[in-house]
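Per the numbering used here, residue 4 is the first one in the sequence shown, and the count goes up by one each step. The C-beta atom is built at its ideal place from N, Cα and C for all residues, glycine as well. Just so we're clear, the structure is a prediction, and the values are computed from it rather than from any experiment. Everything below concerns the one structure shown next.
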Amino acid sequence: MRAVAEFLMRGRLQAAIVAMLGIPLLSPATVALVTLRRGMTEGLMIFLWALAPIILFGVFMETPAAAVWLGAMQLGIVLIGAMLLRSSVSWQTALVGIAVASAVCGLLAIGTEPEVLTRLSAQAIEDARETLGAEADSVDLESLFSLTSLAGVLAWATALASTLALVLGRWWQALLYNPGGLGGELRKLRLNPLLAGICMLAWVYCLATEPGLASWGLLAALPLLVAGLGLAHWLVKHRGWGGGPLVALYIFLVIQTLPVTGFLCGMALIDSWKDFRGLTRKTEQ
4 MRAVAEFLMR
14 GRLQAAIVAM
24 LGIPLLSPAT
34 VALVTLRRGM
44 TEGLMIFLWA
54 LAPIILFGVF
64 METPAAAVWL
74 GAMQLGIVLI
84 GAMLLRSSVS
94 WQTALVGIAV
104 ASAVCGLLAI
114 GTEPEVLTRL
124 SAQAIEDARE
134 TLGAEADSVD
144 LESLFSLTSL
154 AGVLAWATAL
164 ASTLALVLGR
174 WWQALLYNPG
184 GLGGELRKLR
194 LNPLLAGICM
204 LAWVYCLATE
214 PGLASWGLLA
224 ALPLLVAGLG
234 LAHWLVKHRG
244 WGGGPLVALY
254 IFLVIQTLPV
264 TGFLCGMALI
274 DSWKDFRGLT
284 RKTEQ
């Protein structure tokens with residue numbers, strides 16, 4: 004991966020070539036790296052180069068408009084996240100920016116692509132009825148697969164992909180100019196108590212009201228989730244437990260997303276008030 008980062012930093016042409024490949028995660032991460040290292044102007048240039056093949060595919064290859072729109076929005080969100088991280092040097096600010104921009108993306112999907120979402124909703128309800136059989140009547144499938152729900156899924160997926168791209172871009176930057184810097188930043192990540200409380204309340208509200216808002220709740224909890232993962236990484240490194248517990252954590256996070264997310268968010272919320280790192284330093288002195 005270091006060789007890829009070195010190639011990207013050789014010049015605008017090299018970065019533009021990689022960005023134009025349109026490879027998921029790689030192209031957005033290229034936009035992130037250039038923006039983080041060289042600023043908004045250069046980042047915007049690479050963003051435009053990455054955007055070009057998406058538009059061309061939409062025009063000449065009859066790519067669905069929704070796919071073109073989604074690809075363009077994700078690149079834009081990564082650019083926003085990278086600019087915020089560069090200017091503020093704060094993962095908290097960047098994560099909030101990504102979450103808000105992704106929420107706007109989801110809301111725009113309802114207004115600009117209602118036909119696509121309606122078809123997806125109808126298909127999802129039909130598939131669920133076939134899968135559940137007689138039990139389908141006991142589940143509110145209309146709420147679970149409503150337009151609002153699907154837009155939330157879209158927003159959450161966009162936020163997750165954008166965050167991963169930004170992390171990859173920051174990792175590349177750390178490999179070249181600040182070895183170990185990304186790990187140090189994420190292990191130190193601790194949210195403002197007010198922000199952490201708002202994120203938790205929004206997530207709980209979405210979970211408690213109706214199933215269709217679950218994805219919107221995950222989107223609201225994104226800063227808490229990343230802060231919780233950062234806290235877990237700090238604990239494992241501080242205790243010298245090796246990589247095994249982290250591998251297990253990420254496996255369980257994929258298998259049991261909501262329970263593990265709830266635990267991590269809860270720990271991040273408590274940490275925003277108690278500061279586990281600071282308490283540990285005081286105890287060890």
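Just measuring C-alpha positions, the residue of Leu216, Gly245, Pro196, Trp244 sitting nearest Leu227 is Pro196.
Counting the other CB atoms within 10 Å of its CB gives Ala6 a total below 16, which places it among the exposed residues.
Judged by DSSP secondary structure, Ala168 falls within the alpha helix (DSSP H) whose first and last residues are 150–180.
With fewer than three CB-CB distances shorter than 8 Å, the region 41–51 does not count as touching the region 179–188. In the three-state reduction of the DSSP assignment, Val92 falls in the coil class, being assigned neither a helical nor a strand state. The DSSP assignment places complete alpha helix (DSSP H) segments of no fewer than 4 residues inside the region 243–274 at 247–258, in order along the chain. Here the C-alpha atom of Ala125 lies approximately 11 Å from the C-alpha atom of Leu153. Gly84 has its alpha-carbon roughly 31 Å from the corresponding atom of Leu282. The C-alpha of Gly220 lies about 33 Å from the C-alpha of Gly243. In the three-state scheme derived from DSSP, where H, G and I count as helix and E and B as strand, Gly61 is classed as helix.
Taking a cut-off of 8 Å on C-beta distances, the region 71–83 touches the region 28–35, as three or more cross pairs fall below it. Taking Val92 as reference, the option from Leu16, Gly245, Lys277, Leu192 with the minimal CA-CA separation is Leu192. In this structure, the beta-carbon distance from Met86 to Met43 falls below 9 Å. Sequence-distant partners of Leu179 (beyond 5 residues in either direction) whose C-beta falls short of 6 Å from its own C-beta, in its chain, are Ala8. Between the beta-carbon of Cys108 and that of Met64 there is about 23 Å, and that puts the pair past the 8 Å contact cut. Going by beta carbons, Val257 and Pro248 fall outside the 9 Å limit. CA-CA distance, Leu73 to Leu222, rounds to 17 Å.
If you look at Ile201, you'll find it in the alpha helix (DSSP H) that goes 196–212. Non-local beta-carbon contacts of Ala217 in its own chain, meaning distances under 7 Å to residues more than five positions away in sequence, involve Cys209, Leu210 in chain order.
With contacts defined as CB atoms closer than 9 Å, Arg173 and Leu16 fail to qualify as a contacting pair.
Looking from the CA of Ala271, the closest CA among Leu252, Gly233, Gly14 belongs to Gly233.
In terms of Cβ geometry, Trp206 and Met4 do not form a close pair [threshold 9 Å]. A straight-line Cα-Cα distance of about 40 Å links His241 and Ala19. Thr260 sits exposed, since fewer than 16 C-beta atoms from the chains shown fall within 10 Å of its C-beta. Within a 10 Å sphere around the beta-carbon of Phe148 sit 16 or more other beta-carbons, which makes this residue buried. DSSP places Arg15 inside the alpha helix (DSSP H), whose first and last residues are 15–23. Note on Leu267: 16 or more other CB atoms within 10 angstroms of its CB, so buried under the neighbour-count rule.
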